[in-house]
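**Student:**
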Amino acid sequence: MRVALLGGTGFVGSYIVEQLLEHGHDPLLLVRLGSEGKIQQPERCSLVAGDVEDAHAVRDVLKDSEAVIYNIGIIREFPQDGITYQALHFDGAKRSMEIAEAQGVRRFLLMSANGVKADGTGYQRTKYMAEEALRCTDLDWTVFRPSLIFGDPRGNNEFAKQLYREVICSPLPAPLFYNGLLPLEAGKFQMSPIHVRDLATVVVKALDMPETTGQVYPLCGPRTVAWREIIRLIANASGVTKPVIPVPVWVVNTVATFFDRFAFFPVTRDQLSMLVQGNICDSTAVFETFGIEPTAFDEDSLEYVTH
Ligand SMILES: NC(=O)c1ccc[n+]([C@@H]2O[C@H](COP(=O)([O-])OP(=O)(O)OC[C@H]3O[C@@H](n4cnc5c(N)ncnc54)[C@H](OP(=O)(O)O)[C@@H]3O)[C@@H](O)[C@H]2O)c1
14 MRVALLGGTG
24 FVGSYIVEQL
34 LEHGHDPLLL
44 VRLGSEGKIQ
54 QPERCSLVAG
64 DVEDAHAVRD
74 VLKDSEAVIY
84 NIGIIREFPQ
94 DGITYQALHF
104 DGAKRSMEIA
114 EAQGVRRFLL
124 MSANGVKADG
134 TGYQRTKYMA
144 EEALRCTDLD
154 WTVFRPSLIF
164 GDPRGNNEFA
174 KQLYREVICS
184 PLPAPLFYNG
194 LLPLEAGKFQ
204 MSPIHVRDLA
214 TVVVKALDMP
224 ETTGQVYPLC
234 GPRTVAWREI
244 IRLIANASGV
254 TKPVIPVPVW
264 VVNTVATFFD
274 RFAFFPVTRD
284 QLSMLVQGNI
294 CDSTAVFETF
304 GIEPTAFDED
314 SLEYVTH
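Residue numbers for the sequence shown follow the numbering used here, beginning at 14 and rising by one.
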C-alpha cells in the first residue's frame, strides 16, 4: 500500500518507516528542509519536500496515496517562533484530513496521546481537538493514544535518554516531584512507557485491519512504574547509584513562569503538569488484538541509554 507519512523523520516516525517497509508498504514522506538526513532507508522511500503548513506540499504527499498517517507532534511550543500546538497538532492535522477527503484518500491514522482531554494542557487540548475533528469526517479513521514512548532514539529526543543525560549524569540529586506541601507522595506518580517498536507495529498493522476503523487505542507498556523507580532503573542501566531529593512542583512552576519560554530551561509548566498527572493505561486487549508481545520497561530494554 502507498502510505503518506507526515512526521516520518523523528523518533517514532523512523520506526514507523521501518515497519511500513517490513510489511511491504511504500512510504511517501513529507520532509522539511534540513531533515533529509534523518530518514530511515531513504532509498526505499518517496519524498516530498515541505512543511505541514504548506497545503501544496500536503496535497503532493497525499496524491496517489491509499492511506495517511499523521504523526506530527511537539512536546514543547515556541510561540515566538510560530511553533505551536495549535498549528501542528490541530491545524496541520485538520488540513491533512480535508485534503485526504478532497483527494479520496479514505484511510486516516492519527497519532494522539494518552490522557488527551478538552480541558487539559495546551498539548492535550489540541490533540483532543484533532481527534474530535477526525471523528466528524467521513474518513476511515483510527486513533492511537500512546503513553510515554521509549526505545533507542536514533539521534532524536527520547525521555529515558534525556533523563540519563540531564538527570543521571548531573552532579545534582534526581528530583522527585510532588504536588502540595508535604513530600509524602514525592516521585510516586506512575507511568507505563510503551516501546517505540511495539507502537510502530500496532500503527502499521492497523493499515491492513479494517476492523480497527473507528477505534481509539490507548497504548501503554505492560509494566507500570513510579517516577522514582524510573530514575532507579535508568541509573541501574547506566551502572550508577543516584541520590534523590523531593522537589515541590510549585517551586519549579514559579521558576518556569519566567524561563520556560527559553529552550535552555529543561521543562515547561505544561510538561511538569502532565508528568505529575501520571501516564498509565491497560493495553492488554489492544496487544492481543494486534498479536504483539509487548516489551517491558526494564534495565535490559533500557540498555541503549548510555550509548
Ligand atoms: N515521544 C513520546 O513520548 C510521545 C508520547 C505520546 C505521543 N507522542 C506523539 O507521537 C508523535 C511522534 O512523536 P516523536 O516523539 O517521534 O516526535 P519527534 O521525534 O519530535 O518527531 C516529530 C515529527 O514531526 C515533524 N514535524 C514537526 N514540525 C513539523 C512541521 N511544521 N511540518 C512537517 N513536519 C513537522 C518532525 O519533522 P523534523 O524531523 O523535520 O523535525 C518529525 O518528523 C507526535 O505526534 C507526538 O505527539 C509522542
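Note that beta-carbon positions come from the ideal geometry of N, C-alpha and C, so glycine has one too.
(1) Would you give the residue range spanned by the alpha helix (DSSP H) that Phe24 belongs to?
(2) Hey, how far is the Cα of Cys233 from the Cα of His69?
(3) Does the Cβ-Cβ distance between Val238 and Phe310 come in under 9 Å?
(4) Check this for me: beta carbons of Pro196 and Leu185, under 9 Å apart or not?
(5) Nearest-angstrom Cα distance between Met124 and Glu198?
(6) Using only the alpha-carbon positions, how far apart do Leu75 and Leu220 sit?
(7) Measuring straight from C-alpha to C-alpha, what distance separates Leu288 and Asn192?
(8) Taking 9 Å as the CB-CB limit, is Asn292 close to chain B?
(9) Tell me the rounded alpha-carbon separation between Ala17 and Val30.
(10) Whole angstroms are fine: how far does the CA of Thr254 sit from the CA of Trp154?
(11) Nearest by alpha-carbon distance to Leu41: which of Tyr28, Ser48, Lys174, Arg15 is it?
(12) Considering only DSSP beta bridges, list what Ile96 is partnered with.
(13) Going by the beta-carbon positions, is the gap between Pro206 and Leu161 smaller than 9 Å?
(14) Could you name the residues of the same chain whose beta carbon sits closer than 6 Å to that of His165, not counting the 5 residues immediately before and after it, in chain order?
(15) Could you check whether the stretch 117-136 touches the stretch 258-266, counting it as contact only if at least three pairs of C-beta atoms, one from each stretch, sit closer than 8 Å?
(16) Quick check: is any heavy atom of ligand 1 less than 8 Å from the C-beta of Leu185?
(17) What ranges does the beta strand (DSSP E) occupy inside the stretch 79-161, keeping only unbroken runs of at least 3 residues that lie completely in it?
(18) Can you tell me the Cα-Cα spacing of Gln228 and Arg72, whole angstroms?
(19) Considering only heavy atoms of ligand 2, does any lie closer than 8 Å to the CB of Pro223?
(20) Can you give me the C-alpha to C-alpha distance between Ile293 and Ser109, rounded to a whole angstrom?
(21) Using a Cβ-based criterion (distance less than 8 Å to any ligand heavy atom), does Pro159 qualify as near ligand 1?
(22) Look at Pro279 and Ala187 and say whether their C-beta atoms are less than 9 Å apart.
(23) When the distance is taken between beta carbons, is Tyr83 closer than 9 Å to Leu122?
**Tutor:** According to the data block:
(1) Start and end: 24-35.
(2) Cα to Cα, the separation comes out at about 36 Å.
(3) Yes.
(4) Result no, Cβ atoms of Pro196 and Leu185 do not sit closer than 9 Å.
(5) Going by the C-alpha atoms only, they are around 32 Å apart.
(6) One C-alpha to the other measures close to 16 Å.
(7) For Leu288 and Asn192, the distance between alpha carbons rounds to 11 Å.
(8) Protein chains in the displayed structure number just one, and chain B is not present.
(9) C-alpha separation (whole angstroms): 10 Å.
(10) When rounded, the distance between both Cα atoms is 46 Å.
(11) Closest option to Leu41, Cα to Cα, is Arg15.
(12) Bridge partners of Ile96: Phe91.
(13) Against a cut-off of 9 Å, the Cβ pair of Leu161 and Pro206 comes out as a contact.
(14) Reading the sequence as shown, one finds Asp at residue 165 and not His. Excluding positions up to five away in sequence, the list reads Tyr317.
(15) The answer is no - the stretch 258-266 does not touch the stretch 117-136, with fewer than three Cβ pairs under 8 Å.
(16) Relative to ligand 1, Leu185 has its C-beta separated by 8 Å or more from all heavy atoms.
(17) Note on the stretch 79-161: whole beta strand (DSSP E) runs with a minimum of 3 residues are 80-83, 120-124, 153-159, in chain order.
(18) Their Cα atoms are separated by approximately 26 Å.
(19) Absence of ligand 2 is noted for the structure shown, with ligand 1 being the only ligands found.
(20) Within the model, the alpha-carbon separation for Ile293 versus Ser109 is close to 29 Å.
(21) A heavy atom of ligand 1 is found nearer than 8 Å to the CB of Pro159.
(22) When the beta-carbon positions are compared, Pro279 and Ala187 stay at least 9 Å from each other.
(23) Less than 9 Å divides the Cβ of Leu122 from the Cβ of Tyr83.
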